[in-house]
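Chemist: Each residue of the sequence shown is one higher than the last, beginning at 12 in the numbering used here.
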Amino acid sequence: MNTSLALYFDDNALLAAVEPADGTFRCLGRGEPERYALYFLVNDQGISYGQGFRDEFLAGDPRIIGDLYERLLDPDFSFQAHGYDRKAIDLLEPIISDLRRDYADYMATKMAEAPQASDRISLHLSFSKNVGQEARQLLRSWLKRQNFELPETDTPFSEGLFRWLHRSRQLPKDNGTYGLVEAVNDTLNLALVEINGDGIVRELAREKYAGLGADPRLGALSKFVVDEINRARNLLHTQDEREAEYRRQLPAAQGWNQQLLGTRRPFITIEAALSAFPDMPAHITLTRDKIDGLTKDRSWQVARFFETLVEPRLRWEDLSGVVILGNSMDNDFVRDGFAKFGKDSLMFLPDERVYDVLKGMLAPRHGEGGGIPGTGGKGRPGPIHIPDDLAPQDRIEFSWDPGRVVQASYLGQHRFVIIGHQNSSIKTGDSFRVSGLIEKGKKAMFKEVNRMGKVLGDYKTGIITSVRKL
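1. List the DSSP bridge partners of Gln433.
2. Taking Cβ positions, are Ser169 and Val204 nearer each other than 7 Å?
3. I'd like the list of long-range same chain contacts for Thr439, defined as Cβ closer than 7 Å, with 5 residues on each side in sequence excluded.
4. Which partner residues of Ser89 appear in the DSSP bridge assignment?
5. Where does the unbroken alpha helix (DSSP H) through Lys307 begin, and where does it stop?
6. Per DSSP, what kind of secondary structure is Asp469 in: helix, strand or coil?
7. How long is the line joining the alpha carbons of Asn427 and Tyr470, rounded to whole angstroms?
8. If we ignore side chains and look at the alpha-carbon of each, how far apart do His93 and Asp441 end up?
9. Pull the bridge partners of Trp411 from the DSSP assignment, please.
10. Please list, in chain order, all residues of the same chain as Glu450 whose beta carbon is under 6 Å from its beta carbon, the five residues on each side excluded.
11. With burial defined as no fewer than 16 other Cβ atoms inside 10 Å of the residue's Cβ, what is the status of Pro167: buried or exposed?
12. Decide if Gly240 is buried, meaning its Cβ has at least 16 other Cβ atoms within 10 Å, or exposed.
13. In three-state terms, what does DSSP make of Gly382?
14. Report the residue from Arg244, Thr35, Tyr47 whose alpha carbon sits nearest the alpha carbon of Asp22.
15. Taking only runs of the beta strand (DSSP E) that begin and end inside the region 34-79, which ones reach a length of at least 3 residues, in chain order?
16. For Leu84, which residues of its own chain have a beta-carbon under 7 Å away from its beta-carbon, when the five flanking residues on both sides are left out?
17. Would the region 336-352 count as touching the region 304-314 if we require 3 or more Cβ pairs under 8 Å?
18. Quick one: which unbroken beta strand (DSSP E) runs of 3-plus residues sit fully inside the region 84-144? Chain order, please.
19. Should Ile295 go down as buried or exposed, given a rule of 16 or more other Cβ atoms within 10 Å for buried?
20. Starting from Asn241, trace the alpha helix (DSSP H) in both directions and tell me its first and last residue.
21. Pick out whichever of Lys354, Val212, Ala24, Lys121 has its Cα sitting closest to the Cα of Asn461.
22. So, Ala225 versus Leu261, is the Cβ gap smaller than 7 Å?
23. Output yes or no for whether 7 Å exceeds the beta carbon distance between Val82 and Ala70.
24. Closest by CA to Asp101, which one among Leu150, Leu134, Ala255?
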């Protein structure tokens, strides 16, 4: 049984999932879609978090903390909870407490012995490209102190995503070089990945562009309005200040867009103000033709930035395909901008497919098996001596006539848990004990079969037709 936990630190949320056995993938979190939103309210009652604080943060409410990764690197930042000064990393305490509880509750439905919320948990980790190396190191160190077992290296988002797309056979070719355009949040992330003949995924290059991941029309509206106000008032003096304001105005841009599209007139006039100066509004005229043109330019800019990533490394004709992830990019302007790469080679995925990175992290690496025959993984055939030939979490597969197949994960102390089965009365989640040599041509005895805490007795297989370590 795979007891590990996959975590992805996205820009504004922590995504988490488990898959104790094939077909049991489960996202953990709060709300719909399930996630642990990184928006915090701190008061005398302690730390609260949730997606419900997002709009207040974007509106500039000083009580809401929604820029966790920046706060982690601010040596002067602290907050008080229950009378004590706390650091930014401590904001994660209620999230990790809920995460551990959610993990234990779900795993208890799949394991004979229910885990405890305080148990040491093995992690797979991935971070958004907006989480810098220093912030990543702080998060890794803190997670270790919270009794998590961390991998030596993190999984790049693009590798996790393409590992799942490859494993689930959603790509047009099993190997080749693919492009990724990811715009689930307001940052545009670009990457090139290579999938070799062995199915191993490797990230070749990546770039990011702040603000370009937002819906191109809303992004164009937000930028136009902010620039018009600033041109008259000169209140934002740096590019970072302007970029931050573009993002803050995106919710308001939705309303402006509805007004513009909802009238027969070719223009509308709105009243808008910079978030830091709400008492200094300005009247801005928005024309439909102007915004349409800016939207097209912004969409084509995404394609041009992608070209600059590809061209120094390979001919665009040699790309096996381009995966475009994010609802904001699924429009005709973006499709036209990427036309040179071949419209048939474009794969558009909605926002919720960001969870595929968790599936990719939890999926067995090439050569580790993972699935009843026909789902991939060659494995190593031959007799297996228990316990000498196995380490905890190693996987093996037995087959016997007529068409019986059982896959099991080694727990240690001669015990296994079923992670996959075919035509067998042994079920996924059952545990059992085996000693000695398991080899082709002989029967095997599964002793003390346990199902959800109930001992069912012993189970003898037919004559083994194949046995392999996955």
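The beta-carbon is built from N, C-alpha and C at its ideal position, and this holds for glycine as well.
Modeler: Walking through what the data contain:
1. Val416
2. yes
3. Ala32, Ile429, Ile430, Gly431, His432
4. DSSP lists no partner for Ser89.
5. 299-321
6. strand
7. For the record, residue 427 in the displayed sequence is Phe; it is not Asn. Rounded to whole angstroms, Phe427 to Tyr470 spans 13 Å at the Cα level.
8. 45 Å
9. Arg415, Ile475
10. Pro394
11. buried
12. One point to set straight first is that residue 240 is Ile, not Gly, in the sequence displayed. It counts as buried.
13. A caution first: Gly382 carries a pLDDT of 40, below 50, which makes its placement in the model unreliable, though a value can still be read off. It is coil, neither helix nor strand.
14. Tyr47
15. 37-39, 51-54, 57-60
16. Glu145, Ala146
17. yes
18. 90-92, 95-97, 132-138
19. buried
20. 227-244
21. Lys121
22. yes
23. In the sequence on display, residue 82 carries Arg and not Val. Result no, Cβ atoms of Arg82 and Ala70 do not sit closer than 7 Å.
24. Leu150
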